[in-house]
Structure formats: C-alpha cells, structure tokens
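There are 2 protein chains.
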Amino acid sequence: MDTTQRTEQQRSADRRRRELLEAADRVVLRDGPGASMNAIAAEAGITKPILYRHFGDKGGLYAALAKRHTDALLESLRAALDAPAERRERVEATLDTYLAAIEARPQVYRFLMHPAEGGSQNDQGFDTGRHSIPVLRRMGEELAVFIEERLDLGPGSHQLARVWGHGIVGMMHAAGDWWLGERPCTRAELVRSLADLLWGRLAAAGDRVGGPGF
Amino acid sequence: MDTTQRTEQQRSADRRRRELLEAADRVVLRDGPGASMNAIAAEAGITKPILYRHFGDKGGLYAALAKRHTDALLESLRAALDAPAERRERVEATLDTYLAAIEARPQVYRFLMHPAEGGSQNDQGFDTGRHSIPVLRRMGEELAVFIEERLDLGPGSHQLARVWGHGIVGMMHAAGDWWLGERPCTRAELVRSLADLLWGRLAAAGDRVGGPGF
DNA sequence: GCTAGCGTGTTACTTGCGGTAACTTCAGTC
DNA sequence: GACTGAAGTTACCGCAAGTAACACGCTAGC
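From first to last, the protein sequence lines are chains A and B. Heads up: the first sequence at position 206 corresponds to 206 in the working numbering, and the numbers run straight through without jumps. Heads up: the second sequence at position 12 corresponds to 226 in the working numbering, and the numbers run straight through without jumps.
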C-alpha cells in the first residue's frame, strides 16, 4: 500500500504549511494586517503561487493564521474560566486574560479583529470574505456553552446563554478595543468596571441629583 | 463683496455633494459594501475624479456616507434613551431601537459595521483607513456621556461611564450581529435577554445542580 | 539506464482596484 | 470677445489578488 508514502508526503506538506504560517505570522506582526501575499511569500523565501496552492486564497491563509491564535487565546480563556474560585473572581480573571492577551500582542489583535486596515498605501483587506470576525463568534459560542452548562437559568436557558455569550464577548471586545486605543486607565480598573457592569451596578445606581434620571 | 457668490457656489457644491452621496447610497444598498468608486461614479452619471474632488479619497466618501446614517441612528437612540419612563424600560427601548434599525436595513448595517466584506469578486474594503468602525466609537462615547450625566456612580464616575458606554454598545453590537445572522429568537426576546444581563442576572443566577458551578 | 509521473518551484501574465495628471468644455465676468 | 475657474473627461500609474504555463528534482516502473 501507499499509506506510508502518503503519510510521508502528508507530513512533509504539513511541515511546510507550518513553516509558511510562521513566516506569515512574522510578516503580519511586522507589517500589520495589510501584509501582502507577495511580502509573506518573500519572507518564507518562496513565491506567491505556492501560498495559493497551500491555502487556496488569501482568505484561506487568513483563516489558518487566525485559527492558530484563536485556539491559543481560547485555551487561556477556558483555563481562567475553569479555575477554582468564586464566580466573580473567575469572570474578572477571564476578562483580565483577554485584555492581557490583546495588550501583550496588539499586532496580532489588530490582525484578528480588524483584518482590513492596511498599513501600506493601499487598503486591501485581509478579510476571509465570509463571516464577520470569526474570532468573536467562536468566543461567543464557547462562552454560551459554558454558561449554559454551569448556570441554572430556568426556562429558555439555551437562548439566554447564547445571547449572553455573544453579548459579553462583544462587551469585552468593544471595551478592550477602546481601551487599547486610548489607555484611559489600568487594566485592573477596566476589569473591575466591566465586572461591575455585569454585576448589575447599572441597574442599582442612583439617579444623579438634579438630573432627569436614567 | 463676493460673499453671495461664494455662498452660491457653496450651495451648488453642497447640492452636488448630496446628490453624489445619494447615488453612493443606492450603490452600496444594491452592491453591498464592496461597491467600487467606478460603480458609484457610474450610478451618479459621472466619472471617478469628480468623486475624488468632492471626497478626497475613498475613506472620505465612506466617512461622509457613514456620518449620514450614523447621525440618523444616533438621533433615534437619543430619543429612546430620553423618553419619560422607568430606566429599565428606556434601556429596553434603546436596545430595541438599535435592533429594529439594523433589522430594517441590513445592507446599511453591513456597510457601516463590516465595511470590508466585498460582494464582488475582489474584496477591496470600504474602510476609512483609520479608526475601527467609527460608528461604534461614536455610540459608545455618546452613551458614556449620557450615563455620566444621568447616573450617580460615585468616585471614578467618569472612567466608569466611559467603560460602560463602550461596553454596552459592544454588547449590543455583537449580540445584534449574531442575531441578525442566525435569527434564533424574536427581537423582543433578545432585548429582554440583554436587559436581563445588564440587570445583573448573570451574578444572581444559581449554579447548575451537579455541575462545578460558575 | 531511461522515461513517466508528480510535487515543488518559478516567471510572466491578467484583471481590477484606488488614485492622479493632463486635457477639454462651458458658465459667468471685465 | 478674451479671461478665469469650476466641472468633467480620457488615459494613465502603481499595486494587489489570483492564475497559466513552463522548469527542476525525485521516486517508480520497465
């Protein structure tokens, strides 16, 4: 049989693919999300058509690259979410993990979240062409599953968990994006503020004196 | 003096600009966010350089177009937020207003939120090139101001209001985006679920029996 | 040993975009 | 009637994604 042969080839192709992805990673980290296929190919020491043979099109390369980082990020988030501690502590730890990740590697973050920004003169996007920011969808979906598994939400818990999963992820994302751009406070303060929001402080706050209320 | 003259010209230029924007609007509504400058020019019955004279570059056209829709949306949101009712009711009305808007005109929504999706064969983005999704930033900032004005949040209220503003907008956006794609429930259900989240039901929920808690 | 395949790589090209330079045309002014 | 300046045109540049067609190297069968 040619199984060993095919396995051999498969292994070789996989290795090559990993090398290419690492090269692409370096370029994206250096040039931002506007990195061109030519630049990536050059970094990998080859030329464009090979990239296309491996990844189909730019979206394929984007997806493969995004999956690596997303998997890693989700792994840390799961760990934070699963730690043995009070719920509030774990929520804060999860928020902090996410924010620490985007703080530590903003270039990666920008690539994942704002694929079509373009640092060069032209703004050719690095979009997958299909879903909108798959990272967020995946995170939302995972969080939804987690919530539904762990929390007793009464009837309609499935829908509720999904809404909350996507909503919380969106909250985290938007606040993080804004924070990363303006750095108006420390990470710990941001985490605390967001957790306060999730803990219902919005509903509990009093009206401002003299104002028409809210 | 030439004031009247200049005013005359200014008026004419403004009218033309509005016409061009309306043409651009039609094209974006028809072709999605991937609309090309050529297509827009053709729809307006002219050629590219004129667009460039009026809007500088594609980002300028994007910004002008986005501003129109954003202004309109913000106006409705302000109205919902300012209505005379209980806080919870107003929050729900605001969420519902936003969701109704994106539901009614998904093409506009996609243009504003996912400018780089590309309906044609090529995925040239329609990005402004600078900030990420300015609509969300504006909404977050406005909501922050509103919260700070109306709510008594104690010390650090300024930071807190800003974090909450961006966080809530992000929550609304992400949940809305997901909902618009999958339509897993009615709008009213979604509104209720999100309001529940903001009202601290996450913190109040009990652990699921038999699970490790959350 | 020689040739048939197949995977890896190349050069050179097409298409389509954003953006611009240089020319033309036409309204109103002295 | 010549002059100015805005509106509009054609024709082009640069650059990116993506592709076709060709060239090398390796293993397999005769």
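From the three backbone atoms N, C-alpha and C, an ideal C-beta is built for every residue, glycine too.
For residue i, collect the residues of the same chain with a Cβ closer than 7 Å to its Cβ; drop the 5 residues on either side in sequence, then sort them by chain order.
i: LEU275(B); result: ALA238, LEU265, PHE269
i: LEU367(B); result: LEU374, ALA375
i: ASN252(B); result: LYS262
i: GLU356(B); result: LEU288
i: ILE260(B); result: none
i: ILE316(B); result: TYR323, GLY390, LEU394
i: ARG26(A); result: GLU43
i: PHE146(A); result: LEU81
i: PRO434(B); result: The question about residue 434(B) has no answer here: the residues shown for chain B are numbered 215 through 428.
Taking Cβ-Cβ distances shorter than 7 Å, what residues in chain B pair up with residue i?
i: ARG162(A); result: PRO398
Using beta-carbon positions only, say whether residue i and residue j come within less than 8 Å of one another.
i: PRO134(A); j: ALA66(A); result: yes
i: TYR77(A); j: TYR98(A); result: The question names Tyr, but residue 77(A) is Leu in the sequence shown. Cβ distance < 8 Å, so LEU77(A) and TYR98(A) count as in contact.
i: ALA409(B); j: LEU309(B); result: yes
i: LEU416(B); j: HIS387(B); result: no
i: SER157(A); j: TRP378(B); result: no
i: LEU235(B); j: ARG282(B); result: yes
i: ALA104(A); j: ALA93(A); result: no
i: GLY170(A); j: GLY384(B); result: yes
i: MET139(A); j: LEU74(A); result: yes
i: MET327(B); j: ASP285(B); result: no
i: LEU151(A); j: ALA418(B); result: no
i: ALA100(A); j: ARG183(A); result: no
What does residue i touch in chain B if you count any residue whose Cβ is under 9 Å from its own?
i: ALA35(A); result: Going along chain B, no residue has its Cβ under 9 Å from ALA35(A), so there is no contact; the nearest lies around 14 Å.
i: GLN159(A); result: PRO398, CYS399, GLU403, LEU404, SER407
Run down chain A in chain order and give the residues with a C-beta less than 8 Å from the C-beta of residue i.
i: ASP366(B); result: ALA205, GLY206, ASP207, ARG208, VAL209
i: GLU233(B); result: Simply none; closest approach about 26 Å.
What in chain A is Cβ-close to residue i, meaning under 7 Å?
i: LEU350(B); result: ALA174
i: VAL383(B); result: ALA174
i: GLU306(B); result: Correct list: empty, because the minimum Cβ distance to chain A is about 12 Å.
Taking residue i as the query, report the chain A residues whose CB atoms sit under 9 Å from its CB, ordered along the chain.
i: GLY354(B); result: ALA174, ALA175, TRP178
i: GLU257(B); result: Within chain A, no residue comes near GLU257(B); the closest Cβ sits about 22 Å away, beyond 9 Å.
i: GLU236(B); result: Chain A residues near GLU236(B): none, gap ~24 Å exceeds 9 Å.
Could you list which residues in chain B have their beta carbon closer than 8 Å to that of residue i, in chain order?
i: ILE102(A); result: Going along chain B, no residue has its Cβ under 8 Å from ILE102(A), so there is no contact; the nearest lies around 13 Å.
i: GLU89(A); result: Going along chain B, no residue has its Cβ under 8 Å from GLU89(A), so there is no contact; the nearest lies around 11 Å.
Beta-carbon within less than 6 Å of residue i's beta-carbon, same chain only, minus the 5 sequence neighbours each way: which residues are those?
i: GLY333(B); result: Because GLY333(B) carries a pLDDT of 33, less than 50, the predicted location of this residue cannot be relied on, and the following value inherits that uncertainty. Result list for GLY333(B): ASP245, GLY246, GLY248, in chain order.
i: VAL242(B); result: ALA249, PHE325
i: HIS166(A); result: GLY140
Closer than 7 Å, Cβ to Cβ, to anything on chain B: give me those residues from the stretch 180-201 of chain A, in chain order.
PRO184, CYS185, GLU189, LEU190, SER193, LEU194, LEU197, LEU198, TRP199, GLY200
Between the stretch 259-292 of chain B and chain A, which residues of the former have a C-beta closer than 7 Å to a C-beta of the latter?
none
Any alpha helix (DSSP H) of 4 or more consecutive residues that is wholly inside the stretch 341-391 of chain B
348-364
Report the residue ranges of all alpha helix (DSSP H) runs contained in full by the stretch 278-328 of chain B; include only those spanning at least 4 residues, in chain order.
301-318, 320-327
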